Each structure stands twice: as C-alpha cells, then as structure tokens.
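Protein chains: 2
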Amino acid sequence: MKSDELFALLRRRGVLWPSAEIYGGAQGLYDYGPLGTALKRRVEEAWAAWFVGLSRDYHRIEPAEILPEAVVRASGHLENFTDPEITCEQCHTAFRAETILEKVRPEGVDGLSSTEIAEIVSARKLRCPNCGSMALSVPRSFNLMFGLEFGVTGKERAYLRPETAQGSYLSFPRMWDVGRKALPLGIAVIGKAYRNEIAPRQVLFRMRAFTQAELQIFFDPAHFDVPFDRVREESLPVLRVPRRESGEETPEWIRAGDLVATGGLPEFYVYHLAHTYRFFRDVLRYPADRIRLFEKSDSERAFYNRIQFDVEVRLESLNGFKELGAVHYRGDYDLGRHGQGSGKDLSVTAPSGAKVLPHVLELTFGVDRNVWGLADVHLGKDDDRTVWRLPSYLAPVAVGVFPLIPKEHAEYAGRLAEELAAADVPSRYDEAGTIGKRYARMDEAGTPFCVTVDGGTLAAGDDRDTVTLRDRDSKAQERVRSADLAARIRPALIPPRPPRS
Amino acid sequence: MKSDELFALLRRRGVLWPSAEIYGGAQGLYDYGPLGTALKRRVEEAWAAWFVGLSRDYHRIEPAEILPEAVVRASGHLENFTDPEITCEQCHTAFRAETILEKVRPEGVDGLSSTEIAEIVSARKLRCPNCGSMALSVPRSFNLMFGLEFGVTGKERAYLRPETAQGSYLSFPRMWDVGRKALPLGIAVIGKAYRNEIAPRQVLFRMRAFTQAELQIFFDPAHFDVPFDRVREESLPVLRVPRRESGEETPEWIRAGDLVATGGLPEFYVYHLAHTYRFFRDVLRYPADRIRLFEKSDSERAFYNRIQFDVEVRLESLNGFKELGAVHYRGDYDLGRHGQGSGKDLSVTAPSGAKVLPHVLELTFGVDRNVWGLADVHLGKDDDRTVWRLPSYLAPVAVGVFPLIPKEHAEYAGRLAEELAAADVPSRYDEAGTIGKRYARMDEAGTPFCVTVDGGTLAAGDDRDTVTLRDRDSKAQERVRSADLAARIRPALIPPRPPRS
Chain V
90 MKSDELFALL
100 RRRGVLWPSA
110 EIYGGAQGLY
120 DYGPLGTALK
130 RRVEEAWAAW
140 FVGLSRDYHR
150 IEPAEILPEA
160 VVRASGHLEN
170 FTDPEITCEQ
180 CHTAFRAETI
190 LEKVRPEGVD
200 GLSSTEIAEI
210 VSARKLRCPN
220 CGSMALSVPR
230 SFNLMFGLEF
240 GVTGKERAYL
250 RPETAQGSYL
260 SFPRMWDVGR
270 KALPLGIAVI
280 GKAYRNEIAP
290 RQVLFRMRAF
300 TQAELQIFFD
310 PAHFDVPFDR
320 VREESLPVLR
330 VPRRESGEET
340 PEWIRAGDLV
350 ATGGLPEFYV
360 YHLAHTYRFF
370 RDVLRYPADR
380 IRLFEKSDSE
390 RAFYNRIQFD
400 VEVRLESLNG
410 FKELGAVHYR
420 GDYDLGRHGQ
430 GSGKDLSVTA
440 PSGAKVLPHV
450 LELTFGVDRN
460 VWGLADVHLG
470 KDDDRTVWRL
480 PSYLAPVAVG
490 VFPLIPKEHA
500 EYAGRLAEEL
510 AAADVPSRYD
520 EAGTIGKRYA
530 RMDEAGTPFC
540 VTVDGGTLAA
550 GDDRDTVTLR
560 DRDSKAQERV
570 RSADLAARIR
580 PALIPPRPPR
590 S
Chain U
90 MKSDELFALL
100 RRRGVLWPSA
110 EIYGGAQGLY
120 DYGPLGTALK
130 RRVEEAWAAW
140 FVGLSRDYHR
150 IEPAEILPEA
160 VVRASGHLEN
170 FTDPEITCEQ
180 CHTAFRAETI
190 LEKVRPEGVD
200 GLSSTEIAEI
210 VSARKLRCPN
220 CGSMALSVPR
230 SFNLMFGLEF
240 GVTGKERAYL
250 RPETAQGSYL
260 SFPRMWDVGR
270 KALPLGIAVI
280 GKAYRNEIAP
290 RQVLFRMRAF
300 TQAELQIFFD
310 PAHFDVPFDR
320 VREESLPVLR
330 VPRRESGEET
340 PEWIRAGDLV
350 ATGGLPEFYV
360 YHLAHTYRFF
370 RDVLRYPADR
380 IRLFEKSDSE
390 RAFYNRIQFD
400 VEVRLESLNG
410 FKELGAVHYR
420 GDYDLGRHGQ
430 GSGKDLSVTA
440 PSGAKVLPHV
450 LELTFGVDRN
460 VWGLADVHLG
470 KDDDRTVWRL
480 PSYLAPVAVG
490 VFPLIPKEHA
500 EYAGRLAEEL
510 AAADVPSRYD
520 EAGTIGKRYA
530 RMDEAGTPFC
540 VTVDGGTLAA
550 GDDRDTVTLR
560 DRDSKAQERV
570 RSADLAARIR
580 PALIPPRPPR
590 S
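Keeping their order, the protein sequence lines are chains V and U.
When the count follows our numbering, it moves up by one through the first sequence with no breaks and lands on 590 for the last residue.
When the count follows our numbering, it moves up by one through the second sequence with no breaks and lands on 590 for the last residue.
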C-alpha cells in the first residue's frame, strides 16, 4: 500500500489520526486510537523484554521530559541541534534545506555550511517546491528544540528533551550509587521526545512529538566482556561504507564472528548489533530480506559517534529503506560533557582500582516508526480479505468473542470475554453483523484468535461448554473447552526474550 | 514516616530522585528509578484494568501532549488556568497567594479577586515566609501552562497540556466515527501533563510534570443507564457539604442507594463514585478508614462542575487527607466549548433520533500521588524489618531468586530467574550477602515472593528440582517444585477487574 492509502486505512480503523482534527490538525502531531495505543504499548513492552532482558545489569527508568538549559548546553544541543532552514520569500513556506536540495544532492546536506548551501541553491537555480518561485532565502540555523519559560521569574529556561538519552546520562551517578557499582550498567528509557521539525512529514516518520525506546550501556572500554558465542555464527545483512561507496545498495551477509575477526568491529558492538537485528527479525518479524544494517560514514554520523549502523527496513509505503533503529558507539562524549557542564567528576572506580570515565553504547528504536513499519509489512490483502499478520504478542486484542446468535448466546459470550480479560487475555466482545463480518474486523485489527459461542456451547451434549476457536492466519477452526481457552492463548501473548545459549 | 524520611528512603532505594541532580536539580521534576518505574507502570495498568474494564464501551487512547492555542483558548485554560502569585520585593521569592494567606485563610483563595487578596495581605500585616519582610507585591495572575513556539514562523503558539482530558474531548468525534456510534462512550488517557507551578512542593504532590490517568465518559443526560444494583448496598465514606460546614472532618458511611434515594445524587454519578472508592480500597488497598469522599461546594469547584467529590486518603507523611483522585460531573461544558471554538457541531444523534450534545463524567487519578500514597501507607517498619506490603500485582519485582551458596547454586538460580521472566513473572536474581540481607532488600522493595536454590535442589532425592518459596508478609516458607513456580505466582500478578455481579 502507498502511504496515503495505508494512513487512510489506519485512520478509518481507529489506529491513529491527526491530532486536534476538529481544529484543522496540528502539523506533526498524531493521536493513537484504541488499537494504536494497545499496539504501541505492546511494541514498547516487547522492546523492553528483549533489550532490558539482555543483562541483569540493564534497568528501565522514567526520567523527566523537561531539561534545564544547563543540561542542553553541556550536551551540545543548544549550539548544534539545528537544521538549516530555507524560506520561500514568495509563498512564505519554510523548508529544510535538505528538501530544497533533494534532487541535486540526494545524500543530504550534513557537513555543508550555510554559504555552501546558498551557493548550490543559486548555482543550480533551485525553486520553491511549493510555488515554484526562485526567491529563496539564505539558509538559517534553526534549533529544533522546544524552549520553555520554566518557573515564575521568566529568567529560567528549560527545554523539552529532543531525545530520551539525556535523562539516562543525568541518572548515571544515582544509578551507580543505588546499584551494585559495577560496569557495564545499562539504563533504558521509553518515552516521548520533542522536536520542532521544520517540515513534519511521512506521518509517523518525522513527528514533532514522538516516542523513543533507548538503551544506554555504560562500560569500561578496557573490559566489556559479552557472551559473544551466542551470536558468533549469526549472519548479518550489512551494508558497509566501502560497498556503499562502490554504489551498492543491497547488503551482504556476513557472520558476526567475521565482522570482528576481519571487519575491525569490537565484539561488544557486534554482539549488540546482532541482538538488535534479531529483535527486528524474530520479535517484530520483519522479513530478513527487507532488513539491512547500514553503516554510516565519518561524515554522515555525529562527530562523537565512533561506530554507527542504522537498522533499516524496506517499506513499500515509503518507497524504500527507512531507519527504524540504530546502534551508536558514542565513546565518552556524554559523561565527559556532563562532567564538565556540572562540575562533577562522573568517573567511577573499576575493579582494578583505576578511575574510568564510562563509554556509552546506545541502542535506539523509534516506537512510532515501527508501529508504521508493522502496518506496512504485516497488513495487507490476502485473497478476499484484509489481514494484519501481527505477531500474537503484539496484537492489540488477543481474542474476539462472538455470540453466534446474539439473542441466544450473548450472555455466555459476554461472560467468557470477561473471564478471558480477567485472566490477562485482552478480549473484545462483538455481536454486530454476520460472523464473517466479525472475522473480517478482527483480521484487519490483527487479532490472532476468535471464538464463537453457539447452540452446542449451551446445549446438553459433547459440545457443552466448548466453543469454536478460529486462527487468524490459517483460518483453521477447532472445538475447544471454554475453560481451557486462557491457558491455551496466554503463552502466545508473552513477547520473546533473548535466548541465553 | 515523615515526608523527608520517606523521600530519603525512596531515593536510597532507587525508587525516585530529583531530576538533573548533578546540575543541582530542577524544581518540581523527578526521575523514577528502576523500582519506581515498574511500580508506576503497574499502578497505571491496574487503573486501566479497573476503569476501562467498567464497560465494553470504554477505551484507552494516547493523544498528543501538545495543544494548539485555539484548543486552550476554547477550553478556557488560556484565560483562566491561573494562580494568583505574590512576590517578595525583598528576597525576590515568588509564592502562590494561597501560601501567603495560609494561616489566616486555610480554606484557600479560590473565588477571591486580586484586590481582595491584597487587602487581606495588608490588613493582616502578612510577611514573606522566606525572609520575613512585609514588602509583598500585589497579586498577579500567573498562567500555569507552559507555552511553546510551534513551527518555524515564530507566529504559531502551542501549549503543553495542563491536563490529559483535552485530548479526549478533541478525539470524541473521531472515536464516535470509528466506534459503534452509541452513548455512553468512555475515553481513557494515561499520560503526562505539565504545569508551571509557582511553588512546587511535597515531592510528588505538586510537580511541574506529572502523570494523570483520566477517564472521560460521554453520555446522553436523558439516558445513562448503569447496573446500579452492583453498588447499591456499598457503604461509602462521604463528607458532604452540610456536614463539612458544621465543622466535621470525618466522613459518615452512607449506602450508595441512599445517596441516590435521599442524597439527591444521580445513579450514574454514584455508580462511578462507588467504583472509584472500591478501586482505592480493593485494588490499591488503602485502608477504608483512611479514605474519604470529600464533596466540593459551589464556590470550591470549577464553575462547570455540577458535582464533585475528591477521593482523599489520609497520609502520615503529609499530615492529613490528600486528594488522590476525583469524580467530576462536567455537564456539556467541554464539547460545548470545543464546538464553539472549532465551529464544528459536536452533537450526535441519539437512538431516539434527537440531537444530543453529550455530557461528560470525568474520573481523574493522580498516578505520581498514588505512587507516593502507596509508599506512605504500605511501606513501614514491622518488628525488626522494613517491609513494603504492596499488593502483589503492583510490586515492581514479583520474585527474588537467590542461590543459597552462589558458587554452587548460581547457575541453577540464574536459569530459574530467566525462566520465570520468560513466563511473564518479573524476577530479580540476587546473590549478594546473606540470605537474610537479600530477604531484607526484597522486603523493602515490596517483592511478594522469594525463592532460594540450595543443595537439595541439585542433589538426588525428594527435594531435587524444588526450591524454598518464602512469602513476604507471613514470612512462611514452603518447598515448591521449580517447574510449578510460574503457574503458582502468575495469577497473583493480574490486577483485579470490577466484579460484574
């Protein structure tokens, strides 16, 4: 499906819609409806089960979304978290410079100065994408953070966090104190981040308020032992810089072990990259041939990132590979900057007795983008029906419960739906329309199971207290005892954790 | 425990701490650590299970936290969401007028004009609580919303939502369209709200960023049928206005049925008030004698609220009853205002064919305040130990897993902890210190169960593959098969839903 078509479907089904619709919407803001909210929460829980589950020393916290100015000054965001913006002086639309230069410079404008961008605009006679005018302004540096007046004096400034990571860096000393005082120490945050994007677009891909899931792993660069054997034989679809520079866009499959042995990457990095890949393939179930691990070059990645691979998934709705996650080796940049900014020594004592300023490995994941990705990849036409083949542990509703004839079977079915919910099996009762229509609604919502209560359920005989259980994917039906349903379905609702061997 | 002592304990245990501590903190902002994050999420899930579970037609959504200016203009927040503020001209500290007048006017300043407040300050010769000076400014109206420049032009204003409710009102038309087009329709939101409080204080009670759980029920005032028999005989601890005005502070127990029959309250209101009370008593397990349902008078409640009871719980740490939730009957104020503001007709067609502008019943719940309340009420000394008697479905960790002798039992215990986590039983492995110390840590963290792996677990014999299961509250121990643990513990982790009969 194309992006517009997919968005229309998601909107019609109550998965998500533009925020403040009755006021004409607010650019870059979306509301999740009942199905979207449940799906998004399940994606978050699946992420946490997998990544926090990687080690006993990885923990989840919830830091504040508002950062005092001193924090974003130290982190560099106040100075550098900017996008060059060009305004059309004819129609007054603002554009990211990247958008204006899109056709002549598909690789983007990172690293170019304002003067260089202005020169390209002028030399190539670029025009406003909106009205076609050539009256384009010189680029100005536009800071993407939302600033706030904090407190009552009007003198204190604060900012909505542009990424969740800063809260983890600020919490590191306290987490060290309350924990077992050993590295590595992982701090995970799932929460909102905010960016005043110049040109919000592609629905959930460039939003002004979005949800990130990020794990920051603080480690001693001299000693970060990982159980590498768990991933050594895994082949990863990587697209490295030299191959990219030769014009290739398809990844090549390289063993994790070889990425270390001959590829020059450290074990700790490849270990976490491999687990990230597995999460996308085995938990979110993106097909392996639609995933690539895209290495960023020196000029593409932020200067403090020493190694960066983006996890990209090919999405039909957006015409190509899109970044849905990434693994950043950030060195000691973050604690170094906050140590300077706060005047506190953020180094810790390693078992050897040496002082260490921990390095950071950052695993990032775009929750909204993956909600979209899961719709793009798993939702589609199948013969005569539209079906959303979500993994069962991600499905908003686990089981639809139908009375075959509402007048006769509603009470039993209603009670059954309640009992399932009380056993932690999210259920939805539906009595509207034919059974076929009810199946169709549940298929489109990604519900993996449906049960129908019928005459046999209530009548004396072999079928008493049994119902028809129907599987979304195979459409197979079988007769199951009502009392056994919860135990039957419940295990399918637990998201996988990383295997330990 | 007093507030300071409780906060120190929670901080030491990694439940929560002031945000941006290394920069000296940010007033009114807190970070939740690992235990606090897990507890908070479980409180949120328990709230959702109970309140969204009240009806098939109540749904949870996740709307954006940023509201365009037109929205807060229509809702009245731009004009009225203010607090009178008084500044000391000597020491330049800003105070809520309520704080300056606290001793002479304990009932607060709601309804007083700036002039009236200034007159009291002058007549009673009030002083700055900080420096003692009498050089106090006249009160000024301070809007508590955080404003943002939204977009790139510098001309669009937006606001961080001061309450989650607005997102539900804005979503009502879309929810109507995607749903079964019938009233009542409930829309629940759990999420952050933001207020630039003049004087943040009492830790989680007056924060600048906080989490609300709110359910907005849209209904036809002519037909809101509820299964009132489910609550008719429930006695509720109410403190009504006439009793309050006679000087009483303790509630009286009145049957729900009588609140309707002779108390003048509508059935739909009392039905939801009773379920709210039950949530506080039966789910969060606040002792009944510490809860009161505190009716607000005409002058105390917002002008659009027709009926308001606050749910108050007596907290030792804060020296008295504190508002932890409320039930507001808001009439048609919200959809009426947004209908005017947006120029859209937000009325819907009732089954009778009549056009109805839905009324709203709002159930609000302060998540952070209740995290604090659950610590105040359930965490304390008990003989020789500190124990947090959280209901098991709210506990951050369900089971502690210990090897009796780490050198011998670590592998088995580690695997068991993993298996429990994989069966959706949050576990924590701990091998540090004596078993007594490990029990003590788990007691303080509220962990309801601990299991110990010992020689018997590994040796041939009757105890093979069994472990000691210890109960937090009774301290009773019994021998249980490792393979049976998940099935044994898992049911205790599901939050209760409202009974249907």
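By construction, the Cβ of each residue, glycine as well, lies at the ideal position given by its N, Cα and C atoms.
Note that the structure is a prediction, hence the values are computed from the model and not measured.
So what does DSSP say about E399(V), is it helix, strand or coil? Position check: residue 399(V) holds Asp in this sequence, whereas Glu was assumed. Looking at D399(V) - three-state DSSP - the assignment turns out to be strand.
Using a C-beta cutoff of 8 Å, does K281(V) count as contacting chain U? Yes, K281(V) lies at the interface with chain U (some Cβ there is under 8 Å from its Cβ).
Short CB-CB distance (under 8 Å) between V241(U) and chain V: So yes, V241(U) belongs to the interface.
For the region 479-491 of chain V against the region 579-587 of chain V, are there 3 or more C-beta pairs whose distance is under 8 Å? Contact holds: three or more Cβ-Cβ distances are below 8 Å.
Output the distance between the C-alpha atoms of S386(V) and F398(V), rounded to the nearest integer angstrom. It is roughly 9 Å from the alpha-carbon of S386(V) to the alpha-carbon of F398(V).
What is the residue span of the beta strand (DSSP E) that E63(V) lies within? This structure gives no information on residue 63(V), because the portion of chain V shown stretches from 90 to 590.
For the region 291-306 of chain U against the region 453-473 of chain U, are there 3 or more C-beta pairs whose distance is under 8 Å? The region 291-306 of chain U, when compared against the region 453-473 of chain U, does touch it at the 8 Å Cβ threshold.
Distance cut-off 7 Å: M234(V) Cβ against heavy atoms of the ligand NAP: Although the ligand NAP was asked about, the structure shown includes no ligands whatsoever.
Which chain U residues are close to Y119(V), counting only those with a beta carbon under 8 Å from its beta carbon? Going along chain U in sequence order, the residues near Y119(V) (Cβ under 8 Å) are A153.
Have a look at A363(U) and W106(U) and give me their C-alpha separation to the nearest angstrom. Taking the straight line joining both Cα atoms gives about 34 Å.
Say whether chain U places a C-beta atom closer than 8 Å to the C-beta of N394(V). Not one beta carbon of chain U lies nearer than 8 Å to the beta carbon of N394(V).
Members of the region 139-169 of chain U near chain V, C-beta cut-off 9 Å: Answer set for the region 139-169 of chain U: G142, R145, H148, R149, I150, E151, P152, A153, E154, I155, L156, P157, A159, V160 and A163.
Across the region 160-170 of chain V and the region 370-378 of chain V, are there enough close Cβ pairs to call them in contact, namely three or more that are closer than 8 Å? Output reads no: the region 370-378 of chain V does not touch the region 160-170 of chain V.
Can you list, in chain order, the residues of its chain with a C-beta nearer than 8 Å to that of D554(V)? Leave out the 5 residues immediately preceding and following it. The beta carbon of D554(V) sits closer than 8 Å to those of T546, R570, S571 and A572, all from its chain and outside the five residues before and after it, given in chain order.
List, in order along the chain, the chain V residues whose C-beta lies closer than 7 Å to that of Q301(U)? For Q301(U), there are no C-beta contacts with chain V under 7 Å, since the nearest C-beta of that chain is about 14 Å from it.
Burial state of P173(V) (16 or more Cβ within 10 Å): By the 16-neighbour rule on beta-carbons within 10 angstroms, P173(V) is buried.
By alpha-carbon positions, which one of S260(U), R530(U), L272(U) and T253(U) ends up nearest to V278(U)? Checked all of S260(U), R530(U), L272(U) and T253(U); the closest Cα to V278(U) is T253(U).
Would you mind working out which of F184(V), E303(V) and E110(V) sits nearest R149(V), comparing C-alpha positions? Minimum Cα distance to R149(V) is reached at E303(V).
Could you work out which residues of chain V lie near D513(U), taking near to mean beta carbons separated by less than 7 Å? Neighbourhood of D513(U) in chain V, by CB distance below 7 Å: I583, in chain order.
Y501(V) lies in the beta strand (DSSP E); which residues open and close that run? It is not in any beta strand (DSSP E) - Y501(V) instead sits in the alpha helix (DSSP H) that spans P495 to A511.
Taking the straight line between their C-alpha atoms, what separation do you get for V445(V) and L293(V)? One C-alpha to the other measures close to 40 Å.
Distance, Cα to Cα, W477(U) vs Q291(U)? For W477(U) and Q291(U), the gap between their C-alpha atoms comes out near 21 Å.
Closer than 8 Å to chain V by CB, I175(U): For I175(U), the answer is no, since every Cβ of chain V falls outside 8 Å of its Cβ.
Please confirm if the region 432-445 of chain U is in contact with the region 263-281 of chain U, defined as three or more CB-CB distances below 8 Å between the two stretches. Yes, since at least three Cβ pairs between the region 432-445 of chain U and the region 263-281 of chain U fall closer than 8 Å, the two stretches touch.
Which full runs of the beta strand (DSSP E) of 3+ residues lie inside the region 206-249 of chain V, going along the chain? Fully enclosed beta strand (DSSP E) runs of 3 or longer: 229-232, 236-239 and 245-249.
Under a three-way DSSP split, which group does T536(U) fall into? Coil.
Any C-beta of chain U sitting closer than 8 Å to the C-beta of N459(V)? Taking Cβ atoms only, chain U never reaches closer than 8 Å to N459(V), which makes this a no.
What number of angstroms, rounded off, separates the C-alpha of L404(V) from the C-alpha of V141(U)? Rounded to whole angstroms, L404(V) to V141(U) spans 34 Å at the Cα level.
Using a C-beta to C-beta distance shorter than 7 Å, which residues of chain V count as neighbours of G256(U)? Neighbours of G256(U) on chain V, chain order: D120.
Helix, strand or coil for Y375(U) per DSSP? Assignment of Y375(U) by DSSP, reduced to helix, strand and coil, places it in the coil class.
Near-chain V residues of the region 462-492 of chain U - C-beta to any C-beta below 9 Å: For the region 462-492 of chain U, which is checked against every Cβ of chain V, not one residue is closer than 9 Å.
Would you give the residue range spanned by the alpha helix (DSSP H) that A575(V) belongs to? Element bounds for A575(V): L574 to I578.
Coil, strand or helix - Y518(V) by DSSP: Assigned with DSSP and collapsed to three states, Y518(V) falls in strand.
What do you reckon, are the CB atoms on G256(U) and A391(U) nearer than 8 Å? No, these two residues do not count as a Cβ contact at 8 Å.
Closer than 8 Å, CB to CB, is Y248(U) near chain V or not? No, its Cβ sits nowhere closer than 8 Å to a Cβ of chain V.
Counting only runs that start and end within the region 270-299 of chain U, where is the beta strand (DSSP E) found for 3 or more residues in a row? As far as the region 270-299 of chain U is concerned, its whole beta strand (DSSP E) runs of at least 3 residues are 274-283.
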